[in-house]
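Engineer:
Numbering (the working numbering), first residue to last: 3 to 244.
In structure tokens, the structure reads:
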């Protein structure tokens, strides 16, 4: 195993089968990757559904594990997945999104062959309420662009060594924990590479994190954005979670 795909989930039982199916449907060799499903203290049937789906649909025999933890937010859930992983490369997948079949092979192919590349991100399909779709294209990587806005998509592949180099996700960041990690990895000398192809589906729905952010106002988003940019500008790349 050289690759670990980490799915993080919180009270999203409806989306669990699709996310799992998309991981089982990867073209990457089954013996070379594992699935880690992290449930962040759900009160619904997410874990039960995940266990049943894995039992009934893991025809390739992909190594799987399920982590159940107290609710602590996306950053803590992703950290738990990274800690449990055995791969050199980590692919992140939010449970309400799904990979297209080539996502892993294309991403790992770059991480394993391009010296200095720590993050691989792609374009994606945005799904609106399950019926309408649009194509979302990301720009090529540059640190200046990343400092302006989060050009790296959330469901990206990352070298585990790069994650460990900066201390993992900051569990004090509640909204833009992925942007924070990308900034610290790239600010500390890492590079990212863009795949100009749509390799996952991102779901925009009423319960999505993005919509919750909008409904709760922008103050926390603005505070976190200022915090993560300022500390990277100071050269403060490493975090120490409690």
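For each residue, glycine too, the CB sits at the ideal point set by N, CA and C. Small disclaimer: the values here were computed from a predicted structure and weren't measured.
According to DSSP, is residue 14 helix, strand or coil?
Structural biologist: Position 12 of the chain shown, counted from the first residue, corresponds to residue 14. Coil.
Engineer: So residue 162 and residue 84 are in contact, right, with Cβ under 8 Å, and what is the actual spacing, rounded?
Structural biologist: Working through the chain shown from its first residue, we reach residue 162 at position 160. Working through the chain shown from its first residue, we reach residue 84 at position 82. That belief holds up - the Cβ atoms of residue 162 and residue 84 are roughly 7 Å apart, short of 8 Å.
Engineer: Give the DSSP-derived three-state secondary structure of residue 154 in the structure shown.
Structural biologist: Walking along the chain shown from the start, residue 154 turns up at place 152. Looking at residue 154 - three-state DSSP - the assignment turns out to be coil, as it is neither helix nor strand.
Engineer: Measuring CB atoms only, is the stretch 95 to 113 touching the stretch 198 to 207, in the sense that at least three cross pairs come out at less than 8 Å?
Structural biologist: Yes, since at least three Cβ pairs between the stretch 95 to 113 and the stretch 198 to 207 fall closer than 8 Å, the two stretches touch.
Engineer: Taking the beta carbon of residue 240 as the centre, do at least 16 other beta carbons fall within 10 Å, making it buried, or is it exposed?
Structural biologist: In the chain shown, counting from the first residue as 1, residue 240 sits at position 238. Looking at its Cβ environment, which holds fewer than 16 other Cβ atoms inside 10 Å, residue 240 is exposed.
Engineer: Look at residue 177 and residue 226 and say whether their C-beta atoms are less than 8 Å apart.
Structural biologist: Against the chain shown, residue 177 aligns to sequence position 175. Against the chain shown, residue 226 aligns to sequence position 224. The answer is yes: Cβ separation under 8 Å.
Engineer: How far does the alpha helix (DSSP H) with residue 87 in it reach, from first residue to last?
Structural biologist: Position 85 of the chain shown holds residue 87. From DSSP, residue 87 is part of no alpha helix (DSSP H); its letter is neither H nor E.
Engineer: Roughly how many angstroms separate the alpha carbons of residue 24 and residue 95, rounded to a whole number?
Structural biologist: Locating residue 24 in the chain shown gives position 22, where the first residue counts as 1. Locating residue 95 in the chain shown gives position 93, where the first residue counts as 1. Going by the C-alpha atoms only, they are around 10 Å apart.
Engineer: Since residue 95 is in the beta strand (DSSP E), which residue starts that stretch and which ends it?
Structural biologist: Here residue 95 refers to the residue found at position 93 of the chain shown. 91 to 96 is the extent of the beta strand (DSSP E) around residue 95.
Engineer: Using only the alpha-carbon positions, how far apart do residue 237 and residue 231 sit?
Structural biologist: The sequence position of residue 237 within the chain shown is 235, counting from 1. The sequence position of residue 231 within the chain shown is 229, counting from 1. Distance between the alpha carbons of residue 237 and residue 231: 10 Å.
Engineer: Which runs of the alpha helix (DSSP H) fall wholly inside the stretch 27 to 67 and span at least 4 residues, in chain order?
Structural biologist: Listed in chain order, they are 48 to 59.
Engineer: Which one of 55, 206 and 119 has the shortest CA to CA distance from residue 133?
Structural biologist: To locate residue 133, count along the chain shown from 1; it is residue 131. When only C-alpha atoms are compared, the closest one is 206.
Engineer: Report all residues from its chain with a CB closer than 6 Å to the CB of residue 43; omit the five preceding and five following residues, and keep chain order.
Structural biologist: Here residue 43 refers to the residue found at position 41 when the chain shown is read from its first residue. So the list reads 72 and 73, once near-sequence residues are dropped.
Engineer: Does DSSP put residue 72 in a helix, in a strand, or in coil?
Structural biologist: As a first step, residue 72 is located in the chain shown; it is residue number 70 there, counting from the start. Three-state DSSP puts residue 72 in coil, outside helix and strand.
Engineer: Note down the Cα distance separating residue 123 from residue 222, rounded to an integer number of angstroms.
Structural biologist: Here residue 123 corresponds to residue number 121 of the chain shown, with the count starting at 1. Here residue 222 corresponds to residue number 220 of the chain shown, with the count starting at 1. If you take the alpha carbons of residue 123 and residue 222, they lie about 26 Å apart.
Engineer: Need the endpoints of the alpha helix (DSSP H) that residue 106 sits in, please.
Structural biologist: Looking up residue 106 in the chain shown gives position 104. Taken as a continuous stretch (DSSP letters only), the alpha helix (DSSP H) holding residue 106 covers 105 to 115.
Engineer: If you reduce the DSSP assignment to three classes, tell me which class residue 171 lands in.
Structural biologist: Here residue 171 corresponds to residue number 169 of the chain shown, with the count starting at 1. Of the three classes helix, strand and coil, the one that applies to residue 171 here is coil, per DSSP.
Engineer: One question on the structure: do residue 88 and residue 8 come within less than 8 Å of each other, judged by their Cβ atoms?
Structural biologist: Counting from one through the chain shown, the residue named residue 88 turns up at place 86. Counting from one through the chain shown, the residue named residue 8 turns up at place 6. Against a cut-off of 8 Å, the Cβ pair of residue 8 and residue 88 comes out as no contact.
Engineer: Between the Cα of residue 33 and those of 180, 5 and 13, spot the shortest distance and give me the residue it belongs to.
Structural biologist: Residue 33 sits at position 31 when you count from the first residue of the chain shown. Nearest of 180, 5 and 13 to residue 33, Cα basis: 5.
Engineer: Provide the residue span of the beta strand (DSSP E) that contains residue 181, from first to last.
Structural biologist: Here residue 181 corresponds to residue number 179 of the chain shown, with the count starting at 1. Here residue 181 belongs to no beta strand (DSSP E); instead the alpha helix (DSSP H) covers 179 to 189.
Engineer: Please report the distance separating the alpha-carbon of residue 140 from that of residue 79.
Structural biologist: The residue given as residue 140 occupies position 138 in the chain shown. The residue given as residue 79 occupies position 77 in the chain shown. Each residue's alpha carbon lies about 26 Å from the other.
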